[in-house]
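**Student:** Below you will find the structure I want to go over with you.
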Amino acid sequence: MVRFGKLEFIAFASGAVLMMFELAAARILAPSIGSSTYVWTSVIGVIIAALSIGYWSGGRIADARKKPADVVILCFFACVSVVFVLLSYVSILEWVVGAADDARLQGMLASLILFAPTSFLLGVLSPYLAKFAVTSLDSTGSSIANLSSLNSIGGIVGTFLTGFVLFGYIGSRETLGIVALMLLVCSWLLIPNWRWMWRVGASFVIVVAVGLPVQVAAGLHIDTPSAHYVIYEDWDPSEPQSTRGIASGPTGIQSGIYVNQPDKLLFWYTKQLAQLVEAAPNKQNILILGGGTFTLPQHLANKYPSSMIDVVEIDPTLESIAKKYFEYKSPSNVTLHFADARSFINESSKRYDVVIVDIYNDTSVPFSLMTREYGEAINRLLTVNGVVGVNMIAGQQGACRKLLQALDAPYRRHLPQVTYSEDKKQTVRANMVVAYSRQPVQWTGANTLSLPKGVSYSDNFAPAERLQQACIDES
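Just so we're on the same page, the numbering used here is the position in the sequence shown counted from 1, plus 1234.
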């Protein structure tokens, strides 16, 4: 039977707060740096490195001291380090973004400054707890195993609680506040009478600091279980009409409306995709991968009331956001499917006249949407005269051309008629709307896209992040 005393509770709580902290860490980086594999790698790598150094240091300090007060101090200063993150991450991330252009370097710098100190202190704490838990050489193994299992169980609870519950009801900052308060509670469990007046005063300061409002970037911030969104008003001074847009990363607005004309398409690429749908020989059944705030689906639904439109969007909370802020009216001929795009097309047996792919963005290219297997799945969904329209961010020079070839290859393999339109406001790396079909399709402003045969990647290997980062570095 596992004993559950104060040490065991601290072991459980430290495992929980570590995973809660790690998940919140990635979320607070997303609006400034992105949420690509590079960013996640930086966060996880730095935290594990800091933990490892902490384990090594903590073991040696515990052997030399073995003082209960040290556990109090470690929990308290871990709490202080979390409060530091809570109060400073906005300004630190602004500095990091200005100091480095590469997402890998940005992620490493931000993680070292913001997340390494807390992780190091939690690492130091673990061998201290083990030292106090061992009361007999005969039970050393079981004592350490009990603490390790409770620490792991705490990590599991913290992971599911944060990902499935907390991010759905409170924000990343509030989650960090809970982490800080949990560590503060742990600091009081052992020898509560030790320097209690000093600790009461310090605890009061911590609680006040956790409750302080944090100065964040302009806009309305919304946390959902899968993303952090910011809604902006009139972000473009060159736009004469009032606008509202939404962003989920550092590279600008991804969806938006004219506030006084919500049915009018705002962005160049959505207008181009609408023109492509107009040119398609048939449009009875339309599939849109990537819903955003559903401005394009609603526009097409109103324009073609006899068409049946399926929209695949991974985040179900975007429907309520779209209704509240972007005048989405749930047209009767639009069906929303909240699922991963690749999973949906793999499982769907329906055939479509038009498929719109609006999932690639400026900081994240899903590798599963640039493979041979993906191209075969898309081809299977198309009717004989079907058309695929893809919004890409790439280019026709250097590294951006290699990215374009990789994005292009899955479609071109089965759909040899390829035309495109490019946003002329951009240079090396630009928005490109590319149309693929078996038969020629004429649409306004389109030109033939001639590319040498690129590498055809597979589900086993598709270096999406490397190709995209190389393109970003050149632009």
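Beta carbons: idealized from backbone N, C-alpha and C, even for Gly. Predicted model, so just to flag it, every value in this text is computed and none were measured.
What would DSSP say about Gln1703, mapped onto helix, strand or coil?
**Tutor:** Gln1703 falls in the helix class under three-state DSSP.
**Student:** For Ala1414, is the classification buried or exposed, using 16 other Cβ atoms within 10 angstroms of its Cβ as the cut-off for buried?
**Tutor:** Ala1414 should be labelled buried.
**Student:** Could you check which residue in Arg1338, Ala1436 and Val1675 has the C-alpha nearest to that of Gln1651?
**Tutor:** The option with the nearest alpha carbon to Gln1651 is Val1675.
**Student:** Counting along the chain, where does the alpha helix (DSSP H) carrying Phe1246 start and finish?
**Tutor:** That run of the alpha helix (DSSP H) goes Lys1240 to Ile1267.
**Student:** Can you tell me which of the three DSSP states Val1591 falls into?
**Tutor:** Residue state, collapsed to three classes: strand.
**Student:** Where Thr1504 and Arg1478 are concerned, what is the direct C-alpha to C-alpha distance, given to the nearest angstrom?
**Tutor:** Going by the C-alpha atoms only, they are around 15 Å apart.
**Student:** How would you write the range of the beta strand (DSSP E) that Leu1521 sits in, first residue to last?
**Tutor:** Per DSSP, Leu1521 belongs to the beta strand (DSSP E) from Asn1519 to Leu1523.
**Student:** Select from Phe1366, Pro1265 and Asp1304 the residue whose C-alpha is nearest the C-alpha of Ile1340.
**Tutor:** According to the sequence as given, residue 1340 is Gln; it is not Ile. The shortest Cα separation from Gln1340 among Phe1366, Pro1265 and Asp1304 belongs to Pro1265.
**Student:** Per DSSP, Gly1183 forms a beta bridge with which residues?
**Tutor:** Since the first residue of the chain shown is 1235 and the last is 1709, residue 1183 is not available in this structure.
**Student:** Please list the segments of the alpha helix (DSSP H) lying wholly inside the stretch 1377-1464, counting only runs of 4 or more residues, in order along the chain.
**Tutor:** Within the stretch 1377-1464, the complete alpha helix (DSSP H) runs of at least 4 residues are 1406-1423 and 1430-1445.
**Student:** Helix, strand or coil for Gln1651, going by three-state DSSP, please let me know.
**Tutor:** Three-state DSSP puts Gln1651 in a strand.
**Student:** Please confirm whether Gly1609 has its beta-carbon closer than 8 Å to some beta-carbon of chain C.
**Tutor:** Checking the listed chains, one finds no chain C in this structure; it contains a single protein chain.
**Student:** Roughly how many angstroms lie between the CA atoms of Asn1385 and Ser1248, to the nearest whole one?
**Tutor:** Spanning the two alpha carbons is a distance of roughly 7 Å.
**Student:** Quick one: residues in its chain with C-beta nearer than 7 Å to the C-beta of Met1431, no 5 flanking neighbours on either side, listed in chain order?
**Tutor:** Cβ neighbours of Met1431 beyond the five flanking positions: none.
**Student:** Give every residue of the same chain whose Cβ lies closer than 6 Å to the Cβ of Ala1245, excluding the five residues on either side of it in the sequence, and list them in chain order.
**Tutor:** Same-chain partners within the cutoff: Leu1363, Leu1381, Leu1384 and Asn1385.
**Student:** State the CB to CB distance for the pair Gly1526 and Leu1499, rounded to an integer number of angstroms; the pair is presumed to be in contact (CB under 8 Å).
**Tutor:** Contact doesn't hold; Cβ gap of about 12 Å is too wide.
**Student:** In angstroms, rounded to a whole number, what distance separates the CA positions of Leu1257 and Gln1506?
**Tutor:** Between Leu1257 and Gln1506, the C-alpha separation is close to 37 Å.
**Student:** Please go through the same chain and pick out, in chain order, the residues whose beta-carbon is closer than 6 Å to the beta-carbon of Ala1514, but skip the five residues on each side of it.
**Tutor:** Counting only Cβ-Cβ distances below 6 Å, and skipping sequence neighbours, we find Val1588 and Val1621.
**Student:** Going by beta-carbon coordinates alone, are Met1666 and Ala1628 separated by less than 8 Å?
**Tutor:** Yes.
**Student:** Pull up the DSSP beta-bridge partners for Asp1549, would you.
**Tutor:** None; Asp1549 has no bridge partner.
**Student:** In whole angstroms, give me the CA-to-CA distance for Leu1446 and Gly1435.
**Tutor:** Their Cα atoms are separated by approximately 17 Å.
**Student:** Could you tell me which of Tyr1538, Ser1709, Ile1520 and Arg1338 sits nearest to Val1662, measuring between CA atoms?
**Tutor:** Checked all of Tyr1538, Ser1709, Ile1520 and Arg1338; the closest Cα to Val1662 is Ser1709.
**Student:** So Tyr1586 packs on Thr1617, CB below 8 Å; how close in whole Å?
**Tutor:** Right, their Cβ atoms sit about 7 Å apart.
**Student:** How is Tyr1608 classed by DSSP in three states: helix, strand or coil?
**Tutor:** In this structure, Tyr1608 counts as helix in the three-state DSSP scheme.
**Student:** Let me check one thing: in DSSP terms, what residues is Tyr1670 bridge-paired to?
**Tutor:** According to DSSP, Tyr1670 bridges with Val1622 and Val1652.
**Student:** Please determine, among Asn1567, Ser1377, Val1441 and Ala1461, the residue with the shortest C-alpha to C-alpha distance to Tyr1403.
**Tutor:** Answer by Cα proximity: Ala1461.
**Student:** The alpha helix (DSSP H) spanning Phe1366 covers which residue range?
**Tutor:** That run of the alpha helix (DSSP H) goes Ala1350 to Ala1367.
**Student:** Determine the direct distance from the alpha carbon of Ile1522 to that of Ala1611, and round the result to whole angstroms.
**Tutor:** Cα to Cα, the separation comes out at about 15 Å.
**Student:** Would you grab the beta carbon distance between Gly1279 and Gly1357 for me? Rounded to a whole angstrom, and I think it's under 8 Å.
**Tutor:** Contact doesn't hold; Cβ gap of about 14 Å is too wide.
**Student:** For Pro1686, count neighbouring Cβ atoms within 10 angstroms of its own Cβ and tell me buried if that reaches 16, exposed if not.
**Tutor:** Per the 10 Å Cβ criterion, exposed.
**Student:** Grab the span of the beta strand (DSSP E) containing Leu1321 for me, first residue to last.
**Tutor:** Counting along the chain, Leu1321 falls outside any beta strand (DSSP E), though it belongs to the alpha helix (DSSP H) covering Pro1302 to Ala1333.
**Student:** Quick check on DSSP: helix, strand or coil for Gln1495?
**Tutor:** Three-state result, Gln1495: strand.
**Student:** On the three-state DSSP scale, how would you describe Leu1616?
**Tutor:** DSSP places Leu1616 in strand when its eight states are reduced to three.
**Student:** Could you tell me if Ile1465 is buried or exposed, where buried requires 16 or more neighbouring beta carbons within 10 angstroms of its beta carbon?
**Tutor:** When all chains shown are included, Ile1465 counts as buried.
**Student:** Let's test the definition: count the other Cβ atoms within 10 Å of the Cβ of Asp1693 and tell me whether it reaches 16, buried, or not, exposed.
**Tutor:** Counting Cβ neighbours within 10 Å, Asp1693 comes out exposed, since fewer than 16 surround it.
**Student:** Apart from the five residues on each side of it in sequence, which residues of its chain come closer than 8 Å, Cβ to Cβ, to Leu1418?
**Tutor:** Counting only Cβ-Cβ distances below 8 Å, and skipping sequence neighbours, we find Cys1309, Phe1310, Cys1313, Ser1437, Ile1440 and Val1441.
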